[in-house]
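J.: Just dropping this structure here.
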Amino acid sequence: MSLSQIAKTISASPTLKLNEKAAILREKGDPVIHLGGGEPKSKAPMDAIISAVSNLNSAEVRYTPAEGIPALKKSIIRYTEEFYDRKVAPENVIASGGAKQAIMVGLQAILNQQEEVIYPAPYWVSYPEMAKLCGAIGVPVLPEDGSFYPRIQDIEQRVGSYTKAIIINSPNNPSGAMYSEEFISDIWLIMDDIYHRLIFDGRKPINCYKYAKNLTETSKLIVVNGVSKQYAMTGFRIGWAVGNKKVIEAMANIQGHQTSGPSVVLQKAAVGALNGIQSGVESLRLTLENNRNVMIDYLNSFEGVRVTKPDGTFYCFADFSNYNKSSNKLSEFLIDKVMVLTVPGAEFGMEGYLRLSYCGTIKEITEGIERMKWALDPNSPNELYIGDRKLVRDWS
Ligand SMILES: Cc1ncc(COP(=O)(O)O)c(C=O)c1O
């Protein structure tokens, strides 16, 4: 079939594919443990639901301005003031179909063909594909010291005449690493702040505006955020970007032709979440911090696995290369043998690692890791019971 060159290079989102796989196995009745997930299990805030329902009850569900309804922009402006201490105008704000679309239209607004966009590795799975969708080139940068913490010199070495943008995601999916203030202070960037409130050990969100050298209307800083992670509203698909008026106008023009903007019902829900009771965010953060501690304890007792304690998010990126150098093979082995879903590190630009999510229950975390241990440790007993299902080791 004569698909476009770009279409031929784009692969399915591995994390979305894994969600499908988990759903299919569960439907078959398999006791799958999903440690590959990218969404909190808590419920969406009641304020979001009430707000969406009241819009639906009006039975007048219409087009909105492509860049979002004024009420949502107002909430985003207030959010930006609260968390970034920065006053912005409605023309500096666009609401999109998730942070994902905000990043995508942002890249489409600034990248020309063959230009480069840099991002530290491990990186979120969508950045390389988004660059390709723009006809541009994604350039992953692996910190030279082997850590998850990029340094300015790592980035500087890769900046060239084709470099147009840098995407920073901190705390980071998949490593959970929160980059240092010094690092963030020295570059201009697309700041993917989708996890900025889900941080641990008393850390405070980093305000990238504090370090931007140019805070005028020519500033090249685009800050992206959304309701998906912090409010457990992944299915609502609302995110946003804050940037200079020209870039936001360009993004709105692009979005206008792509989707005409996000659904009004879901925008109303986001207004409800942003303006409503906020205690759910802190309780989610506390749950995740506790889950992280449990996962780290379990992984630390797992001989052969190397793990760096995540500073935030709900992911842990652990080095399993002692068991298998191919993360894809290892991930497949774990789902086939013990029905535990993990995401291969190769998808994030680092072989030998697995991304394990701790956004599920403590039982899922502990049982999932116990099953992995059983599968990988050659000294494990020959049999494992999962409920009344008996698994027998037929591998060495
Ligand atoms: C780093 C990162 N950025 C952006 C997104 C997209 O979020 P949204 O659901 O708002 O599109 C995700 C979701 O997994 C993510 O991990």
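The numbering of the sequence shown is this note's numbering, which starts it at 36 and goes up by one. Even glycine gets a Cβ: it sits at the ideal position worked out from N, Cα and C.
1. So is the beta-carbon of N54 under 7 Å away from any non-hydrogen atom of ligand 1?
2. I want to see whether chain D comes within less than 8 Å of I404, judged by CB atoms only; does it?
3. Leaving out five residues before and five after N357 in sequence, what residues of the same chain have Cβ atoms less than 6 Å from its Cβ?
4. May I have the straight-line CA-CA distance separating T343 from L224, to the nearest angstrom?
5. To the nearest angstrom, how far is it from the Cα of M213 to the Cα of E179?
6. Give the list of continuous alpha helix (DSSP H) stretches no shorter than 4 residues that lie fully inside the region 83-163.
7. So who's on the other strand from G274, going by DSSP bridges?
8. Closer than 6 Å by C-beta to E151: which residues in its own chain qualify, once you throw out the five before and the five after it? Chain order, please.
9. According to the neighbour-count rule (16 or more other Cβ atoms, all chains shown, within 10 Å of its Cβ), is P345 buried or exposed?
10. Candidates E164, P297 and Y266: which alpha carbon is nearest Q40's?
11. For D227, does the three-state DSSP call read helix, strand or coil?
12. State the start and end residues of the unbroken alpha helix (DSSP H) segment that holds S314.
13. If you draw a straight line from the C-alpha of S86 to the C-alpha of S366, how long is it?
14. Between the beta-carbon of R341 and the beta-carbon of D332, is there less than 8 Å?
15. Can you round the beta-carbon distance between L376 and A57 to whole angstroms, since I take them to be within the 8 Å contact cut?
16. Under the three-state reduction of DSSP, which class applies to S392: helix, strand or coil?
17. What is the rounded straight-line gap between the Cα of S295 and the Cα of Q302?
18. Between the region 128-143 and the region 260-269, do three or more beta carbon pairs fall short of 8 Å?
19. What residues in its chain sit with their C-beta under 6 Å from that of E126, if we drop five residues either side in the sequence?
20. Going by beta-carbon coordinates alone, are A83 and Y266 separated by less than 8 Å?
21. Just to confirm, is the Cβ distance from Y230 to G384 under 8 Å?
22. Any heavy atom of ligand 1 within a distance shorter than 7 Å of the CB on S86?
23. Out of G311, S46 and H292, which has the shortest C-alpha to C-alpha gap to L168?
24. Could you check whether the Cβ of G159 sits closer than 7 Å to any heavy atom belonging to ligand 1?
25. Can you tell me which of the three DSSP states T190 falls into?
26. If contact is defined by three or more beta carbon pairs under 8 Å, each pair taking one atom from either stretch, is the region 141-148 in contact with the region 107-122?
T.: If we stick to the structure as given:
1. No.
2. The structure shown contains no chain D, having only a single protein chain.
3. The answer, listed in chain order, is G339.
4. Roughly 26 Å between the two C-alpha positions.
5. M213 and E179 have their C-alpha atoms spaced approximately 17 Å apart.
6. Runs of the alpha helix (DSSP H) inside the region 83-163: 105-119 and 133-145.
7. S131 and G261.
8. Exclusion of the five residues before and after E151 leaves I172, V174, Y197 and T198 as the residues of its chain whose Cβ lies within less than 6 Å of its Cβ.
9. By the C-beta density criterion, P345 is buried, having at least 16 other C-beta atoms within 10 angstroms.
10. Nearest of E164, P297 and Y266 to Q40, Cα basis: E164.
11. Strand at D227.
12. Counting along the chain, the alpha helix (DSSP H) containing S314 begins and ends at S314 to N335.
13. Their Cα atoms are separated by approximately 41 Å.
14. Contact check for R341 against D332 fails: the beta carbons are separated by 8 Å or more.
15. Confirmed, Cβ separation roughly 5 Å.
16. In the three-state DSSP reduction, S392 falls in the strand class (E or B).
17. Rounded to whole angstroms, S295 to Q302 spans 13 Å at the Cα level.
18. A contact exists between the region 128-143 and the region 260-269.
19. If you ignore the 5 residues before and after E126, its C-beta comes within less than 6 Å of the C-beta of K280, all in its own chain and listed in chain order.
20. Going by C-beta atoms, A83 is nearer than 8 Å to Y266.
21. No, Cβ-Cβ distance for Y230 and G384 is not below 8 Å.
22. Outside the cutoff, so no.
23. Minimum Cα distance to L168 is reached at S46.
24. Before going further, note that residue 159 is Trp rather than Gly in the sequence given. For ligand 1, at least one heavy atom lies less than 7 Å from the Cβ of W159.
25. The sequence given here has Ile at residue 190, not Thr. In the three-state reduction of the DSSP assignment, I190 falls in the helix class.
26. Segment contact: the region 107-122 against the region 141-148, fewer than three CB-CB distances shorter than 8 Å; contact not assigned.
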